[in-house]
Amino acid sequence: MCGIVGYIGNRSAIPVLMDGLKKLEYRGYDSAGVAYINGNGLEIKKTKGRIEDLHKILPFPLPECKIGVGHTRWATHGEPSDRNAHPHACGGVVVVHNGIIENYQQLRSRLTSEGHEFSSETDTEVIPRLISSHMEKGNTFEESMKKAVSDLRGSYALGIMSGNCPGKLFAIRNGSPLVIGVGQNEYFFASDIPAFLQFTNKFIFLEDGQICMLSRDDITVENLGPNGSSKKARQSSGAKVVEISWTPEMAEKDGFDYFMLKEMYEQPRTVRDTMSEWLDNPPKMLDSLGLTPKMVLGLRRLHIAACGTSYHAGLVAKYIIEALAHIPVDVEIASEFRYRDQLIDKNNLFISITQSGETADTLAAQREASKKGAFTLSICNVVGSTASREADSVLYTRAGPEIGVASTKAFTAQLAALCLIAIALGMKRGRLIAAEAETLINQLKKMPSLIEKALASGKHVKDIVGRIKGSRSMLYLGRGINYPIALEGALKLKEISYIHAEGYPAGEMKHGPIALIERGLPVVVIAPMDNLFEKTLSNIEEVKARGGKVIVVTDEPGLRTKADEVIEVPPAHPALSPFLNVIPLQLMAFWSGVLNGTDVDKPRNLAKSVTVE
Ligand code: AGP
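Per our numbering, the sequence shown starts with residue 448, numbered consecutively.
Structural data, given as structure tokens:
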């Protein structure tokens, strides 16, 4: 997705903006630009390509200026090019935008009929032109800006600045993430927290439909109304300052060569951090989430909606929650859930699982569930994100900023949160006896050290990846609670190494996939010593019999004689084995990407948060 930044204060603005854009690179982009106001007035520098390419076109020495905006563009309308890069300007007004203006064609026609000549193919360019158009009708700049925004339909996070109003910056949020950094006589805005974490850990999370006016010594947040009207926002709604406990280092690489590698090795800590507050008393967590005993006992069904890796976490949760709490659980891809006529009501609990809290389809699913009266709970990793603020309640994963596009530590943190929910619901509904609950809780307390042990297979996994280098397709098989882990392993490989991979329930082999098996095809089989082990062993043998190369992930050393490659993980409670079985699959995807020379932290075509449909 695009990234926007803005700064006003006493520092030299351009280095601050460029550093902020650098920190947002993980969002994925194809062009970049900045605009600033100095002694010569308003200047814009923008280019297709990377931030390094933008550096090359900046004037040196850098002009002295204290205010500016910046943008990294991930193309949605118009190919990556210099002219389509942001910022876009008209009549001294400059705009940077993340999101999609859905009615831009209609606005473009109206503005063209007024004599505007567009210089780009973007939807964004209608915004500065709309503001200019309203100013030509006698409105002030601020009135024109608010009127222009009320003309827009779609999702947008906007940064706006005007040469006619050099002492102010404006940030507007509607459907795309936007945070305000609060410093000492300086303010920042950005699409995401890491952009300016080195300057401040105090942030305001704007709500949809809000505008924030920033000057060197003042900040005002207003709720936008129809036709450019607005009124001051109350402290309680989106205008309050939240202190974030993340440090800049947490958002940096800490000596690792890749964010993804760092984040995989953070998992022991992030799983521990996610569970620590409630592990000793899971039922108390339900009370804190607003899930009263009456609601919990009256629950008839639980719906989970999510995308990608978060969806896989939901699939794992189905096995655990149904087993421990005896509540039927439906798990669905959010983009499917949102468009069908969902049978959901007030006796249902809806859980959205989302690392970013900004995934458009997941937000839409959550809103649909809320409209139909379900209690909505978001399992989310970003404080103040849209999902966390719109849900009736939020259970934060404590994974810290996940910069790598491939979700790893957020996934295991989601599993941890979902285990807490399963145990809590089971205990509260009298389905999980105290002894069983205690066993699970004790196992979860050991999980960080067990994950540490599973991570120790990194070198061995790298060697295996070296031995299957050149494979253009892989199959991942799992049964029961590890079937979602097979899906997750395949997704990781696809998105990081660009090798085609499919995850399948191992029991499905005879229904089609076994036709894929040919000599040397790598087949990853997740085979924990559980009640399905013997069945999975048969799958291993049928793959071997057809020349497939079996790579098994298991806690059973005896499989060394049955498979071509064995990756051992520590034994764990069957309900918790996904925490450990996913680790070698994450490592496998990572080393496949590195050996294939892909951009592991910023894979092609992908963005960290899919904030548009
Ligand atoms: C996972 O590795 C992918 N990056 C992607 O599938 C991701 O899980 C999905 O887009 C959902 O994102 P969210 O958790 O932020 O909603």
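Even glycine gets a Cβ: it sits at the ideal position worked out from N, Cα and C.
Give me the residue from the options with the minimum Cα distance to residue i.
| i | options | result |
| --- | --- | --- |
| A781 | A764, P1050 and E815 | E815 |
| N531 | G515, V573 and G1005 | V573 |
| D1046 | F706, G456 and K1009 | F706 |
| I409 | G936, G954, Y603 and A953 | With the chain represented from 448 up to 1060, any question about residue 409 goes unanswered, as that position is not in the structure. |
| L644 | K594, M697, A595 and P613 | M697 |
| A522 | C449, R555 and G515 | C449 |
| G927 | K765, K1055 and P895 | K765 |
| N485 | E511, H1020, L1032 and Q861 | E511 |
| G913 | I943, W1038, K892 and N794 | W1038 |
| K741 | W725, N795, M722 and A770 | N795 |
| L577 | G585, V1057, L554 and P931 | L554 |
| H535 | G517, Q552 and E526 | G517 |
| G950 | A882, V1029, S985 and T647 | V1029 |
| S692 | V829, V668, L661 and I767 | V829 |
| G480 | K615, H563, T494 and N487 | T494 |
| V1000 | G610, I932 and I767 | I932 |
| T647 | Q657, C659 and N632 | N632 |
Assign residue i to one of two classes, buried (16 or more other C-beta atoms within 10 Å of its C-beta) or exposed (fewer than that).
| i | result |
| --- | --- |
| D977 | buried |
| F507 | exposed |
| D570 | buried |
| K856 | buried |
| E549 | exposed |
| Y786 | exposed |
| E1061 | Outside the modelled stretch of the chain, which goes from 448 to 1060, sits residue 1061, for which no answer is possible. |
| L790 | exposed |
| G453 | buried |
| Q1033 | buried |
| P1004 | exposed |
| P895 | buried |
| R719 | buried |
| T587 | exposed |
| Q552 | exposed |
| N621 | buried |
So residue i is in the beta strand (DSSP E); what residue range does that whole segment cover?
| i | result |
| --- | --- |
| A604 | G601 to S609 |
| T859 | Looking at the DSSP string, T859 is not in any beta strand (DSSP E); the run it does join, the alpha helix (DSSP H), is K856 to K875. |
| K1090 | Residue coverage of the chain in this structure runs from 448 to 1060, which leaves residue 1090 outside it and unanswerable. |
| P952 | H947 to P952 |
| P931 | That residue, P931, is in no beta strand (DSSP E); its alpha helix (DSSP H) goes Y930 to S944. |
| T801 | N795 to T801 |
| A637 | Y634 to A637 |
| M660 | Q657 to S662 |
| R620 | L616 to N621 |
| I548 | V540 to I548 |
Residue i lies in the alpha helix (DSSP H); which residues open and close that run?
| i | result |
| --- | --- |
| E724 | No alpha helix (DSSP H) contains E724, which DSSP labels as neither H nor E. |
| R576 | V573 to E583 |
| H502 | I498 to I504 |
| R398 | The first residue shown for the chain is 448 and the last is 1060, placing residue 398 beyond what the model contains. |
| H759 | G755 to A772 |
| K407 | Because residue 407 is not part of the residues shown, which for the chain are 448 to 1060, the question remains open. |
| D466 | A460 to K470 |
| F822 | Careful: F822 lies outside any alpha helix (DSSP H), inside the beta strand (DSSP E) at F822 to C827. |
Stretch pair the stretch 856 to 876 + the stretch 986 to 996: three plus CB contacts closer than 8 Å: no
Residues surrounding the ligand AGP [beta-carbon distance to nearest heavy atom under 6 Å]: C754, G755, T756, S757, T801, Q802, S803, T806, T809, V852, A853, S854, E942, S1056 and V1057
Validate contact between the stretch 809 to 824 and the stretch 780 to 797 using beta carbons, cut 8 Å, 3 pairs: yes
At least three beta-carbon pairs within less than 8 Å, the stretch 838 to 849 to the stretch 706 to 717: Flag = yes, the stretch 838 to 849 and the stretch 706 to 717 touch.
Stretch-stretch touch, CB-based, cutoff 8 Å, three pairs: the stretch 1006 to 1020 with the stretch 818 to 829: no
Meets three-Cβ-pair contact criterion under 8 Å: the stretch 914 to 924 and the stretch 882 to 891: These segments do not touch.
Segment contact flag, the stretch 492 to 503 with the stretch 589 to 600, C-beta cutoff 8 Å, min 3 pairs: By the Cβ test, the stretch 492 to 503 is not in contact with the stretch 589 to 600, since fewer than three Cβ pairs between them sit closer than 8 Å.
Cβ contact check for the stretch 752 to 764 and the stretch 723 to 738: 3 or more pairs under 8 Å: no
Cβ pair count under 8 Å reaching 3, the stretch 1019 to 1029 against the stretch 832 to 842: no
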